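**Student:**
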Amino acid sequence: MPDATPTPSAPAQSAPAASAPAIVAEQLTRRFGEFVAVRDVSFKVARGEIFGYLGANGAGKSTTIRMLCGLLAPTAGRATVAGADVARDPERVKRAIGYMSQRFSLYLDLRVRENLEFFGGAYGLGGAALARRIDALLERVELAAQGDVRTGDLPGGLRQRVALIAAMLHEPAILFLDEPTAGVAPAARRTFWRLIRELAAGGTTVFVTTHYMDEAEYCHRIGMMTAGRLVALDTPAALKREHLAGSMFLVEGPQVAAALPELRRHPGVLGAQPFGAAAHLRVDPARLDGARLQRLLADGAHGALRARSVEPSLEDVFLALVEER
Amino acid sequence: MRNELHAVVVKELRQTFRDRRMLMLLIVAPVLQLTLLGYAVNMDVEQVETVVTDEDGSPASRALLRGMLADPTLHLRGASGDPAAALTEGQASVALVVPRGFAARLAHGRPVQVQVLVDGTDPVRAQAAVDATTRFLQRSGQALREAQLRAAAGAPVTEPALTAPPVSVARISAEPRLLYNPRLRSATYMVPGVAATVLLVITSVITAMSIARERELGTIEQLMVTPIRPTTLLLGKILPFAAIGLVVAGVVLAVGVNLFEVPVRGSPLLLLVGTALYLLNTLGTGVFISTMARTQQQAILGSFFFIMPAILLSGFMSPVANMPGWAQLLTAFNPVRHFVEVLRACLLKGAGFVELAQPLTALALLGTAMLTLASLRFRKRVS
Numbered sequence: 002m003p004d005a006t007p008t009p010s011a012p013a014q015s016a017p018a019a020s021a022p023a024i025v026a027e028q029l030t031r032r033f034g035e036f037v038a039v040r041d042v043s044f045k046v047a048r049g050e051i052f053g054y055l056g057a058n059g060a061g062k063s064t065t066i067r068m069l070c071g072l073l074a075p076t077a078g079r080a081t082v083a084g085a086d087v088a089r090d091p092e093r094v095k096r097a098i099g100y101m102s103q104r105f106s107l108y109l110d111l112r113v114r115e116n117l118e119f120f121g122g123a124y125g126l127g128g129a130a131l132a133r134r135i136d137a138l139l140e141r142v143e144l145a146a147q148g149d150v151r152t153g154d155l156p157g158g159l160r161q162r163v164a165l166i167a168a169m170l171h172e173p174a175i176l177f178l179d180e181p182t183a184g185v186a187p188a189a190r191r192t193f194w195r196l197i198r199e200l201a202a203g204g205t206t207v208f209v210t211t212h213y214m215d216e217a218e219y220c221h222r223i224g225m226m227t228a229g230r231l232v233a234l235d236t237p238a239a240l241k242r243e244h245l246a247g248s249m250f251l252v253e254g255p256q257v258a259a260a261l262p263e264l265r266r267h268p269g270v271l272g273a274q275p276f277g278a279a280a281h282l283r284v285d286p287a288r289l290d291g292a293r294l295q296r297l298l299a300d301g302a303h304g305a306l307r308a309r310s311v312e313p314s315l316e317d318v319f320l321a322l323v324e325e326r
Numbered sequence: 500m501r502n503e504l505h506a507v508v509v510k511e512l513r514q515t516f517r518d519r520r521m522l523m524l525l526i527v528a529p530v531l532q533l534t535l536l537g538y539a540v541n542m543d544v545e546q547v548e549t550v551v552t553d554e555d556g557s558p559a560s561r562a563l564l565r566g567m568l569a570d571p572t573l574h575l576r577g578a579s580g581d582p583a584a585a586l587t588e589g590q591a592s593v594a595l596v597v598p599r600g601f602a603a604r605l606a607h608g609r610p611v612q613v614q615v616l617v618d619g620t621d622p623v624r625a626q627a628a629v630d631a632t633t634r635f636l637q638r639s640g641q642a643l644r645e646a647q648l649r650a651a652a653g654a655p656v657t658e659p660a661l662t663a664p665p666v667s668v669a670r671i672s673a674e675p676r677l678l679y680n681p682r683l684r685s686a687t688y689m690v691p692g693v694a695a696t697v698l699l700v701i702t703s704v705i706t707a708m709s710i711a712r713e714r715e716l717g718t719i720e721q722l723m724v725t726p727i728r729p730t731t732l733l734l735g736k737i738l739p740f741a742a743i744g745l746v747v748a749g750v751v752l753a754v755g756v757n758l759f760e761v762p763v764r765g766s767p768l769l770l771l772v773g774t775a776l777y778l779l780n781t782l783g784t785g786v787f788i789s790t791m792a793r794t795q796q797q798a799i800l801g802s803f804f805f806i807m808p809a810i811l812l813s814g815f816m817s818p819v820a821n822m823p824g825w826a827q828l829l830t831a832f833n834p835v836r837h838f839v840e841v842l843r844a845c846l847l848k849g850a851g852f853v854e855l856a857q858p859l860t861a862l863a864l865l866g867t868a869m870l871t872l873a874s875l876r877f878r879k880r881v882s
């Protein structure tokens with residue numbers, strides 16, 4: 002379990018003040034015509050923190066990240082990144098940040114090293130210093146042997162690591178990762194997150210969007226977005242405490258989905274949500290203890306259901322939040 | 500700035516030279532196009548198929564037909580009872596019809612007409628056939644008049660008068676001497692035009708595609724979060740293609756000189772300056788098109804919207820002077836027209852900077868305007 006209260010540590014470069022937050026958003030809003038993609042979003046991200054931004058597709062995650070990177074001007078509100086205003090001084094923001102998008106924007110026809118040389122050059126780096134930096138980063142992500150491979154020939158997981166170091170060549174204080182693990186195999190995702198945690202431990206601030214709830218557990222703090230609003234913001238543990246009262250059970254059985262509406266109406270049941278082929282059932286232990294729950298499930302009209310106690314996940318939090326609204 | 504520009508140039512060159520199809524498009528295609536066009540687009544009419552209908556069947560009519568067919572342009576396919584049908588069926592493009600009573604009228608010194616039917620579907624060929632027949636009839640008409648003059652002076656009319664040698668009578672004749680392209684070879688005229696169009700196609704399409712590709716694949720977004728300036732990015736994209744364009748221009752010219760004996764009478768420096776100014780226009784067009792395209796396919800289609808009218812209004816195929824007034828006005832804004840003019844004058848006539856000041860200035864002005872407009876649009880699109 003990651004540290005819930007991140008300790009700010011100032012990276013060497015371009016820190017305005019050691020105590021200042023890396024990212025500040027104040028009532029950040031973005032409209033596209035009538036559609037409000039992001040509405041009144043406010044938060045602060047401390048230095049060295051891994052800040053997870055969760056939400057369904059279209060909830061406003063990417064729009065937020067694009068505003069913070071200076072790619073998109075906010076319609077209202079303001080944001081500062083590394084002490085620079087994103088609307089007024091996007092150039093300073095660009096120098097301080099690294100950005101990796103879900104599309105891994107690398108040139109697939111170039112070799113790995115050629116891609117890195119290009120992006121290093123785009124940040125004004127060059128010569129022997131850049132070559133050393135590329136070597137060190139390739140070494141660090143265990144790709145030293147793949148430097149001369151055509152980027153398009155790499156499997157997705159490795160390509161994603163190349164994209165990450167392409168965003169880190171200029172030693173940015175803040176990394177923005179927009180769905181960095183979309184479509185990547187689970188094992189590769191774990192390796193990737195180990196890297197992210199190492200980076201954060203070294204003082205880099207990481208702002209990451211994802212819709213994989215399991216990944217969100219790696220974050221120090223999490224913001225949850227639905228329909229353009231930031232509806233919750235806390236550490237994973239606190240979010241679960243706050244939004245998931247009661248105890249959580251995993252309910253399995255052949256007709257579990259059909260049984261859910263009936264279960265929800267039963268006194269003592271706080272919530273019931275499908276979870277894969279099974280369901281997560283949240284009950285108030287004072288009104289419905291384990292033995293009575295087992296009886297309820299065994300006697301139901303939808304065949305025999307089995308329940309066992311489980312740890313709540315962030316997905317439960319997210320679903321509870323969506324239900325609450 | 501230096502590292503940024505270097506990075507973009509190196510990246511573009513790597514991408515271009517790694518792509519075999521792109522290399523084909525860049526080097527092989529222009530040479531192939533030039534060779535094909537140089538050989539195939541031949542405006543010189545060599546031979547026109549001809550049928551004859553001799554309704555008179557006299558020695559005089561036979562002599563007339565022999566004389567007309569002596570012209571190398573007209574090639575005898577045979578006699579035909581129905582000349583109009585021969586033309587319709589495509590057996591021949593010209594039919595010579597000598598009417599009944601030809602010899603009798605001629606003997607009485609009366610005017611006589613020979614019918615020449617010409618298939619006008621191909622204007623160039625038709626014109627050549629008309630020229631060939633009238634050439635002979637003019638000469639024989641003159642011989643007849645001279646013979647009549649002699650008869651009036653008491654000398655006997657010799658048979659056949661048509662082929663009698665002319666007597667010395669006062670007359671004015673033209674002695675044309677063709678300069679610059681004495682054999683009126685089409686290739687000599689065409690190669691500069693082909694070179695201009697090949698350069699236009701290559702540089703504008705490649706530039707447009709290279710920028711549209713970044714947009715299509717999403718790499719442009721990654722570039723936009725880097726501090727690289729749009730101007731640097733644009734310059735880095737244009738410079739390699741400008742260099743490639745100059746190399747291609749050299750190759751095309753070398754092929755023209757070696758294969759089609761196109762002379763190089765003007766200064767190579769003038770050619771270089773003219774080409775560089777022309778490239779400002781074509782690269783600017785490429786960038787401009789790319790600002791309106793989201794995909795490479797759109798970029799290609801968009802390029803052809805520009806390229807087709809630019810070629811048609813360039814004087815490459817048909818002279819600008821033959822165009823209607825409004826079209827001539829349009830050609831003033833067409834860089835291809837000015838470049839074709841510079842190339843032809845410099846290569847064939849040996850014209851210098853002074854003689855070509857006007858088209859060169861036009862190229863410089865148009866190129867600067869195009870590139871400025873394109874880069875403004877590009878900067879707006881990127882940021």
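Same order as they appear, the protein sequences are chains X and H. Heads up: the first sequence begins at 2 in my numbering, then just goes up one per residue. Heads up: the second sequence begins at 500 in my numbering, then just goes up one per residue. C-beta: ideal position from N, C-alpha, C; glycine also. Quantities reported herein were computed from a predicted structural model and do not represent experimental measurements.
#1: Who are the neighbours of residue 122(X) on chain H, taking C-beta pairs under 7 Å?
#2: How far does the beta strand (DSSP E) with residue 614(H) in it reach, from first residue to last?
#3: Below 8 Å between beta carbons: does that hold for residue 751(H) and residue 529(H)?
#4: Helix, strand or coil for residue 308(X)? Go by DSSP, reduced to three states.
#5: Which residues, taken in chain order from the region 810-837 of chain H, show a beta carbon closer than 8 Å to some beta carbon of chain X?
#6: Is the region 64-81 of chain X touching the region 116-123 of chain X in the sense that three or more CB pairs, one from each, lie closer than 8 Å?
#7: Spell out a yes or no on whether the region 864-872 of chain H and the region 842-852 of chain H are touching, meaning 3 or more CB-CB pairs, one atom from each, closer than 8 Å.
#8: Strictly under 8 Å for the Cβ-Cβ distance: is residue 724(H) near chain X by that measure?
#9: For residue 826(H), which residues from the same chain have a beta carbon less than 7 Å from its beta carbon, with the 5 sequence-adjacent residues on both sides left out?
#10: Across which residues does DSSP place residue 226(X) in a beta bridge pair?
#11: Assuming the contact rule is C-beta atoms closer than 8 Å, residue 195(X) and residue 250(X) should be a hit. Round their C-beta distance to whole Å, please.
#12: Using a Cβ-Cβ cut-off of 6 Å (strictly less than) and excluding sequence neighbours within five positions of residue 209(X), which residues of its own chain qualify?
#13: Buried or exposed: residue 671(H), going by 16 or more other Cβ atoms within 10 Å of its Cβ?
#14: Spatial neighbours of residue 612(H) within its chain, please: CB distance less than 6 Å, with the 5 preceding and 5 following residues excluded, ordered by chain position.
#15: The beta strand (DSSP E) spanning residue 197(X) covers which residue range?
#16: Kindly list, in the order they appear in chain H, the residues whose Cβ is closer than 7 Å to that of residue 106(X).
#17: Taking 8 Å as the cut-off, decide whether the C-beta atoms of residue 111(X) and residue 152(X) are in contact.
#18: Taking DSSP as the reference, what is the three-state secondary structure of residue 852(H)?
#19: Decide if the region 854-870 of chain H is in contact with the region 764-781 of chain H; the criterion is three or more beta carbon pairs, one per stretch, under 8 Å apart.
#20: Can you check DSSP and say which residues form a bridge with residue 30(X)?
#21: Judging by CA-CA distance, which residue of 856(H), 824(H), 736(H) is the nearest neighbour of residue 772(H)?
#22: Tell me the rounded alpha-carbon separation between residue 759(H) and residue 694(H).
#23: Using beta-carbon positions only, say whether residue 278(X) and residue 265(X) come within less than 8 Å of one another.
#24: What residues match up with residue 275(X) in a beta bridge as DSSP calls it?
#25: Taking the alpha helix (DSSP H) that residue 740(H) falls in, what are its first and last residues?
#26: Residue 1(X) and residue 71(X): beta carbons closer than 8 Å?
#27: What three-state label does DSSP hand residue 519(H) in the structure shown?
#28: Throw me the rounded Cβ distance for the residue 245(X) and residue 317(X) pair, which I believe falls under 8 Å.
#29: In this structure, does DSSP put residue 777(H) in helix, strand or coil?
#30: Residue 23(X) and residue 174(X) - do their beta-carbons sit closer together than 8 Å?
#31: With residue 786(H) and residue 809(H) assumed to form a contact (beta carbons below 8 Å), what rounded beta-carbon distance in angstroms separates them?
#32: Quick one: which chain X residues come within Cβ less than 7 Å of residue 514(H)?
#33: What runs of the alpha helix (DSSP H), each 4 residues or longer, lie entirely inside the region 528-582 of chain H?
#34: Taking any Cβ of chain X, which residues in the region 513-534 of chain H have a Cβ under 9 Å from it, in chain order?
**Tutor:** Concretely, from the data shown:
#1: 502, 503, 505, 506
#2: 614-617
#3: yes
#4: strand
#5: none
#6: no
#7: no
#8: yes
#9: 812
#10: 56(X), 231(X)
#11: Actually they are not in contact, since the Cβ atoms of residue 195(X) and residue 250(X) sit about 32 Å apart, beyond 8 Å.
#12: 53, 178
#13: exposed
#14: none
#15: That residue, residue 197(X), is in no beta strand (DSSP E); its alpha helix (DSSP H) goes 187-202.
#16: 717, 718, 720, 721
#17: yes
#18: coil
#19: yes
#20: 77(X)
#21: 856(H)
#22: 13 Å
#23: no
#24: 280(X)
#25: 729-759
#26: A question about residue 1(X) goes unanswered here, because the residues of chain X that appear run from 2 up to 326.
#27: helix
#28: 6 Å
#29: helix
#30: yes
#31: 16 Å between Cβ atoms; not a contact.
#32: 108, 110, 111
#33: 528-539, 558-568
#34: 513, 514, 517, 518
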